[in-house]
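Below: one structure, written as structure tokens.
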Amino acid sequence: MTRRGFDAETAGVDDDQATWIDYDGGLQAVAEGGRVAVLHGGGSDVPDDVDSPFLGLVEAPSGPREGKNGSTARRDTTQLTVEPTGRILAAPNADSDRNGAALPGADALDPPTGASRVREPGDRPAADRTLPAQPTRKTERAVARTQEAPPPHGRSPLGKIPRPRHRDRDPAVELAITEIAGHLTFTPNSVTAWYWLPEVRWAFRPDAEREALLSAISEQYAGLAGFRIHLRRTTRPFPADQWARVVDAHAPNPLPAVPGAPSWSDHLVAAQRHLLSVNHAEGQTYLGITFARRTLGDTFSEKVGRLFGKGVSGGERRRMARTIEQFDEVLGAFGMRGRRVTVEELEWLLYRSVALCMQPPVALSPVDNGTWERGDLLALTEQIERYRTPYGSTVKLVNRMTGEERHVAVLTVGRMEPLDIPERHEPWMHFHERLPWAMELSSRVDILGPSDSFRNLEHRLRLIRSQQVDYAEHGIDAPPELERLAKRALTIGDDITTGLPVDSSRAHGWHRIAVSGRTREECLERARRLTQLYSREMRISLQHPKNQDWLAREFIPGEPLANTGYLRRMPIKLFAAALPQAASTVGDRRGDLIGRTAGTCRRPVFLDLHFPMEVRERSGLAVFVAEPGGGKSTLLGALGYLAARRGVQVTLLDPSGPLARLCSMPELAPYSRVLNLTGSEQGTLAPYALIPTPQRSHFTTGPSGDREFEIAVSNARAERRMLVQDICMMLVPPQVAREASTATLLRHAVRQVPAEETSTLDDVVTLLHSIGDDESRELGNLLLDTAEMPLATLFFGSPASGALSSDTALTVITMAGLRLPDLKIEREYWSAEESLALPMLHTAHRLAVRRCYSGEMHRRKLVGLDEAHFMEGWRSGRSFLVRLARDSRKWNLAALVASQNPRDILGLDVQNLVSSVFVGRIAEDTEIAAEALRLLRVPTGVGYEQTLAALSQVDASSQARLGFREFVMRDVDGRVQKLRVDVSYVPDLLKYLDTTPTAAGPAPVLPPIQPHDPED
Amino acid sequence: MRLRTDDDIYRARLVYLGPPGYTLPVQLPYAQYGLFVLLVPFYMFLHWLLTFQGPDLFPAWEIALAMVTTSLVFRYVDPDRPARMVIRTALTDWRHTREPRHEQRDARFVARRIRIREELG
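This is the structure in structure tokens:
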């Protein structure tokens, strides 16, 4: 696999090889020929450590194919969409209706031929691929024989097949479950009620909140005392196509296609491919409570009922209704917030459990408009063959229909050392998500109430005491551990008898983790890595027992327990702290793909910067804070690019200028413009004209609207005056600016000049001269002196009309060549150019925003302001940001403000108006890190400062530049998560965004040394 | 919160020291004696099946075999691996002691007969 040539300094490169997709521009060929873009490095070239059942969902890279459906996401030339299971449809018909969302139905059900054929594992024998779809007893045996010994090349396969030494057992065994009724499952002996546990947020929450959550869950488990529960966690692939449809629906006017550049459809397809290739899986947690023993009469009446097509009798079901309501009450409260599962979800769970760790069925998993009937999914279990070897370490599953082969190793939780949750350790059944492949969990647990726990423990204590007495009677010294254990048993017994039920309940259970791979070696290697990770980080010893087939069967609801070994007995709180439903989602699900979470699990992160205004009715102010080199400019540019593609009017202010390169990207070039202020005309930054006059049409009609309008007009005037005073103060020498009379004179003069857009700084100078006072005349002269500098002419005079037209999708304002001052140095020591840079930056910020006020009010707009720390310390700076935050909702304006120091934002006191925060690496100063945490609203002083310092950490042993950037992100809903920016799916974007000075020419190709992932 | 399991209490090694007044030279867990007691009649039954002769007065061979079997089984037994699991695995997988090349097909688990009802009532 080759890696596309971009520079490592730029953010967004994942450490996983799987994400390094080499885009060859083939999408254009797709547009012309109706074929799918060729991706180098997807599918079977994916490296070992990112494989999962879902990787098979990505199309084989070398197989361009044609879709059958003519429906698609866009109406322009390339009609492409990726189906949820990874099939990517390409419809050459340019007239397709965009509303005809890609229907996966018809061709999805076809056997694996043509477009819907699923990629087969590379190591499968060829004979397996020719298996017929319709099984018969004969073919089943043939399959078994074929699996036993793949024929060597060049010989007759029949000659080499060994004769089976024993007969197969019954080729099919029915599951124990006989009926699903609503959320209940019936086996001949028991009834289980199933609940869906939604994901809970864990990362970056204060410990007090986490403890409250764990306590609430413990109480809920304690409320289930006396029952056996089955906790199952499975996964489903991320529904990339649904996301693409949503994005498309929220982008009514994307940028028109440019010949020779990827169109909007190509862009979406690339994003979907990327999503599928990086193997994002969403966790699903189910909780089953086995609560009723069925009597012989119940089973008999069910059998009789089945003869008449009725099943479980109504009386039996009604009898359970009361108990089930109690479960609803217990589980629905704060903590687990469980809800009853639907029949579809139970079917899904059953299928996923039989086909453990295998690829989900084609076209079913994430589809909400398919034509599947009830029970179809269960019927698919017939296709799953199971193979075992005596004393085998894995069990092999083969899907006879698709030819998929999967080796599964089931690990069980062995000895556990004490854990500090939440202070030091993560939830112990959530921890496995650190590894980049999907795994399945199953816990069978008996919840013991206080009396059962005590009885159990007392029995054990008696045994220990008896052993001690034995030793005494035989005159032998008892091992000291006996005394220690007896003391511990006494203490626990005391806790049980005197404590609350939540402290005294116990969870005795078996916890299994299923790891899978395409080959047995891969599966065992993954099992080894998982075991190692658990042993190193969690001090939990994962064991790999024999009888893997029984253990794998245990994952299926209703099936018996595999073995009684590795029984873990723990307080209910420790079991609650397993928390398999913990997740680290952040962002919205309707925005552009910007990366993935990088904390305890890997989830895609989407960000629509207009989501806060349009849905949450919050301000659109987003703040980016990082040390220099932290990647904030690149992220800003990437967000600007993605927004511009969606048709948002984007204005980026980048004083240093590298973002101007965005405008030369082929897809943006016709719709973008660079405005270099250092070469602009006189009056471009005239302060009076930078504050727009409100228009009456933007307010409601009627007296209240009149009043609001008048207030807005007055506010605009006041703001102009404030800005002009500040700009004048910045223009005059600092010694003069410090004198009290200067401020008075300026205020007086500015008051006299009409605060309208048409006024100019020249009017202020004229008025200062006309006062007649020496001091005022001198002040006027000082301002005129400044005006002699070429750059200062930008402030004087009136701006040319149409300097910033609103029709360009992307405008980048730069100040190329201008040297920005160091704010730590006193102003007296600044050079003349540096002194001018300050008012220029102030007014440039205004100019960037001014453009947003000129268009339609509800049109989506985005303004990105780099180097916002220059605004701090000036009245007008704070009022600017406050106004920006307040207007952002009204004007549908997403404002991105980047700064090197969180103090700049906190100093402006606008943090309450900030909706999203991105904090990059801050390693130099823990105080600054603490302030960044305040911005994120994360507790300070509990170790999160180190998290910020560890972001985007460089491997000291590597000579290569860091290939990715990490941020901690707080979204509009207050969720905080570590984010690894990854926009590598956009061809060449990172190359254009590279801000590192060494890469002046063509961006060098990175050496093949991969950045080491600390999690791996 | 510091959370720990109760497993260590259940992991205590309980051994039979001998009858009162006499200490056995070796101390073995109670479970080993239990298995030994079960295995002796089992081997006696096997002996009877092979020879159709009544039990000996002192079943020396049976006792010896039961001791060997017990010690073999308990080489693999620990608190997390109960004796019955070790015996069950040995009985099902006795053919090989390491990963063999051949695999055998197991019964499929199928969900053909599950009846589905949308609502409970």
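From first to last, the protein sequence lines are chains A and B.
Residue numbers for the first sequence follow full-length UniProt numbering, beginning at 1 and rising by one.
Residue numbers for the second sequence follow full-length UniProt numbering, beginning at 1 and rising by one.
Just so you know, even glycine gets a beta-carbon here, dropped at the ideal spot from N, CA and C.
Quantities reported herein were computed from a predicted structural model and do not represent experimental measurements.
Residues that DSSP places opposite G517(A) in a beta bridge: H407(A)
Own chain residues within Cβ distance below 8 Å of E627(A), not counting five before or after: Q900, G920, R921, I922, A923, E924
Distance between V917(A) and K396(A) (C-alpha atoms, nearest Å): 47 Å
Amino acids of chain A, ordered along the chain, whose beta-carbon sits closer than 9 Å to that of L17(B): Q467, D470, Y471, E473, H474, I476
Within 9 Å of chain B by C-beta, residues of the stretch 239 to 258 of chain A in sequence order: none
Cβ separation of L668(A) and L810(A), assumed to be a contact under 8 Å, to the nearest whole Å: 6 Å
Beta-carbon neighbours of F74(B), restricted to chain A and to distances below 9 Å: The premise fails here: F74(B) is roughly 14 Å from chain A at the closest Cβ pair, so nothing lies under 9 Å.
Segments assigned beta strand (DSSP E), at least 3 residues, entirely inside the stretch 646 to 673 of chain A: 649 to 654
Cβ pair R506(A), M570(A) closer than 8 Å: yes
T23(B) versus H474(A): straight-line alpha-carbon distance, rounded: 6 Å
Opposing strand residues paired with H511(A) [DSSP bridges]: S443(A)
Host beta strand (DSSP E) of Q359(A) (start-end): Per DSSP, Q359(A) belongs to no beta strand (DSSP E) and is neither H nor E.
Proximity test, Cβ basis, 8 Å: D420(A) and chain B: yes
Where E945(A) falls, given that 16 or more other Cβ within 10 Å makes a residue buried: buried
Close Cβ partners of S451(A) (< 7 Å) along its chain, the five nearest in sequence each way excluded: none
Strand pairing of M570(A), partner residues [DSSP]: A507(A)
Chain-ordered chain A contacts of I87(B) [CB-CB under 7 Å]: Here the premise fails: no neighbours, minimum Cβ distance about 11 Å.
Proximal residues to V650(A) (C-beta, below 6 Å), its chain only, five neighbours per side dropped: G640, A643, A644, L810, L862
Partners in chain A for M1(B), counting only beta-carbon separations shorter than 8 Å: E211, L214, D420, I421, P422, E423, K573, A577
Beta-carbon gap between A107(B) and L485(A) smaller than 8 Å: no
Candidates L50(B), L17(B), E118(B): closest to D477(A) by CA position: L17(B)
Identity of the residues DSSP links to E966(A) by a beta bridge: R980(A)
Residue range of the unbroken beta strand (DSSP E) whose run includes G283(A): 281 to 293
Closest by C-alpha distance to C523(A), when choosing among E405(A), P799(A), A379(A), A240(A): E405(A)
Backbone secondary structure at T389(A) - three-state DSSP: coil
I496(A), DSSP secondary structure in three states: helix
Alpha helix (DSSP H) segments (min. 4 residues) lying fully within the stretch 590 to 647 of chain A: 611 to 614, 632 to 645
Rounded straight-line distance, which links the Cα of A438(A) to that of P53(A): Bear in mind that the predicted position of P53(A) carries a pLDDT of just 47, short of 50, making it too unreliable to give a figure here.
Contacts around V341(A), its chain only, beta-carbon distance under 8 Å, and the 5 residues preceding and following it disregarded: H183, W194, Y195, W196, Y286, L349
Other residues of its chain near G817(A): CB distance less than 7 Å, five sequence neighbours each side excluded: T678
With 16 other Cβ atoms within 10 Å as the buried cut-off, status of P436(A): buried
Chain B contacts from the stretch 688 to 699 of chain A (Cβ-Cβ distance under 7 Å): none
Under 9 Å from the C-beta of E385(A): neighbouring residues of chain B: R105, D106, R108
8 Å contact criterion, which R860(A) and V648(A) should meet: CB distance rounded: 4 Å
Neighbour-count burial assignment, N892(A), 16 or more Cβ in a 10 Å radius: buried
Exposure label - P19(B); buried when at least 16 CB within 10 Å: exposed
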